[in-house]
Amino acid sequence: MSHAAVTDKRPSTLRAASLPKWTPWVIAAGSLALGIGISAAAGLQSKIQWGLIAAVLFILGTYGIAAKVEGRRQAKDRVATSLVWVAFVVAVIPLVSLVWVTISRGVKVLNVYFLTHSMGVVADSEPGGGIYHAIIGSLEQVGLATLIGAPIGVMTAIYLVEYGRGRLASSITFFVDVMTGIPSIVAGLFILSLMLIFKMQPFGFAGSLALAILMMPVVVRSTEEMLKLVPNELREASLALGVPKWRTILKVVLPTSIGGITTGVMLAIARIAGETAPVLLLVFGNPFINNNPFEGAQASLPLYIYQQYSQSAGANAAYDRAWAASLTLIAFVMILNLVARGIARWKAPKSGR
Numbered sequence: 167m168s169h170a171a172v173t174d175k176r177p178s179t180l181r182a183a184s185l186p187k188w189t190p191w192v193i194a195a196g197s198l199a200l201g202i203g204i205s206a207a208a209g210l211q212s213k214i215q216w217g218l219i220a221a222v223l224f225i226l227g228t229y230g231i232a233a234k235v236e237g238r239r240q241a242k243d244r245v246a247t248s249l250v251w252v253a254f255v256v257a258v259i260p261l262v263s264l265v266w267v268t269i270s271r272g273v274k275v276l277n278v279y280f281l282t283h284s285m286g287v288v289a290d291s292e293p294g295g296g297i298y299h300a301i302i303g304s305l306e307q308v309g310l311a312t313l314i315g316a317p318i319g320v321m322t323a324i325y326l327v328e329y330g331r332g333r334l335a336s337s338i339t340f341f342v343d344v345m346t347g348i349p350s351i352v353a354g355l356f357i358l359s360l361m362l363i364f365k366m367q368p369f370g371f372a373g374s375l376a377l378a379i380l381m382m383p384v385v386v387r388s389t390e391e392m393l394k395l396v397p398n399e400l401r402e403a404s405l406a407l408g409v410p411k412w413r414t415i416l417k418v419v420l421p422t423s424i425g426g427i428t429t430g431v432m433l434a435i436a437r438i439a440g441e442t443a444p445v446l447l448l449v450f451g452n453p454f455i456n457n458n459p460f461e462g463a464q465a466s467l468p469l470y471i472y473q474q475y476s477q478s479a480g481a482n483a484a485y486d487r488a489w490a491a492s493l494t495l496i497a498f499v500m501i502l503n504l505v506a507r508g509i510a511r512w513k514a515p516k517s518g519r
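What follows is the structure, encoded as structure tokens:
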């Protein structure tokens with residue numbers, strides 16, 4: 167047999183040794199068990215401490231095993247991946263805990279009666295009552311804020327992307343960045359100062375104005391980013407056909423980015439739906455049903471939760487209503503996010519063959 171034939175039958179050595187795919191799971195299980203053992207031996211009672219020790223052991227174990235089998239270079243890559251997974255778990259655990267506690271405590275009184283009745287003449291310390299008046303107030307206030315803030319935000323973003331040049335555009339961008347970070351109480355105080363000047367009483371639309379102020383910069387930023395993603399070739403092709411710029415924006419740019427714009431608006435709505443400070447200052451709260459947002463005090467879900475939890479110390483009925491209202495608000499925000507995802511997928515550009 168020739169030397170060449172013997173060489174052809176030798177196994178390839180170009181492929182380096184690698185750990186099996188199930189190795190991270192085994193290391194994680196071993197780190198968790200070892201972390202619990204070390205914590206128990208040291209007398210540590212906090213589960214957070216157990217988790218942190220297990221996370222450190224997981225990273226160290228991953229590096230040690232990978233360095234021995236795959237080499238230091240691959241071990242560093244696995245350590246980076248492990249850090250990402252640890253950060254993900256650290257972020258998810260509080261979220262899951264929050265949702266679990268809210269569901270477990272909120273389902274005690276969450277039923278059809280709770281959703282279709284107001285507090286009325288029910289005292290905060292007494293059982294019964296519901297959140298119908300708060301749901302009506304939140305829907306009206308958030309809806310009016312959206313009707314005000316969404317069009318202004320979208321048109322401002324169109325100006326910045328399509329027309330904005332010079333100092334005016336730079337000034338608008340600067341103030342939008344500043345407004346993105348202002349506390350909600352500042353928007354409430356601004357509207358409250360106007361109400362005091364004109365000697366107006368608390369009413370639902372005042373809360374809508376403050377919520378619209380908080381909503382506009384979020385809509386501007388998200389819409390601006392979506393418009394920038396539209397290829398310039400589409401604009402140039404439309405303009406080359408003699409189509410006016412305003413019609414190009416209306417018929418080409420906006421339809422292309424409508425999915426992302428809608429998602430941004432939905433997320434902005436979800437953001438303002440949980441604001442309490444402006445509503446507390448401007449709407450004032452009302453245990454009775456008020457369907458007119460332009461006259462008289464109104465309730466809202468965030469304000470209802472705050473009042474039930476703070477004004478009735480030691481009253482289990484009020485605490486249960488607060489948790490049930492919190493669960494309702496979380497469900498409302500979740501539905502908005504699901505609707506935004508559905509619209510974004512529905513309006514996403516279809517890729518052809």
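The numbering used here numbers the first residue of the sequence shown as 167 and each following residue consecutively. Glycine included, every Cβ here is placed at the ideal spot set by N, Cα and C. A quick note: this is a predicted structure, and the numbers were derived from the prediction, not measured.
Delimiting residues of the alpha helix (DSSP H) encompassing A491: N482 to K513
Residue range of the unbroken alpha helix (DSSP H) whose run includes V385: G370 to K394
Straight-line gap, H283 to G296 (C-alpha atoms, nearest Å): 5 Å
When L310, D343, I435 and I471 are compared against G370, the one with the closest alpha-carbon: A check of alpha carbon separations from G370 across L310, D343, I435 and I471 identifies L310 as the nearest.
S359 versus K513 - alpha carbon distance: 42 Å
Alpha helix (DSSP H) segment containing P459, residue limits: Careful: P459 lies outside any alpha helix (DSSP H) and carries neither H nor E.
Residues near G286 in its chain [Cβ-Cβ closer than 8 Å; skip 5 each side]: G295, P453 and F454
Straight-line Cα distance separating P444 from A289: Put simply, the backbone Cα of A289 is about 25 Å away from that of P444.
Proximity test, Cβ basis, 8 Å: L310 and chain C: The structure shown contains no chain C; it is built from a single protein chain.
CA-to-CA distance, Y472 to A490, given in whole angstroms: 12 Å
Sequence-distant residues of its chain with Cβ nearer than 7 Å to I302 (five each side left out): Taken in chain order, the residues that qualify are I455 and N457.
Where A403 falls, given that 16 or more other Cβ within 10 Å makes a residue buried: Exposed.
N-terminal and C-terminal residue of the alpha helix (DSSP H) that I115 is part of: For the chain, the structure presents residues 167 to 519; residue 115 sits outside this window and is missing.
Sub-8 Å separation of P368 and V449 beta-carbons: yes
Spatial distance of T422 from E390 (CA atoms): 13 Å
contact_flag[the region 481 to 497, the region 269 to 277] where n(CB pairs < 8 Å) is 3 or more: yes
L502 versus L185: straight-line alpha-carbon distance, rounded: 43 Å
T322 beta carbon less than 8 Å from that of V386: yes
Cβ-based burial, P317 [other Cβ within 10 Å; buried from 16]: Answer is exposed; the Cβ neighbour count stays below 16.
As assigned by DSSP and simplified to three states, the class of Q211: coil
Same chain, Cβ closer than 6 Å to A481, five either side skipped, listed in chain order: S291
Cα-Cα separation, M522 to L223: Look at the range of the chain in this structure, 167 to 519, and you will see that residue 522 is not part of it.
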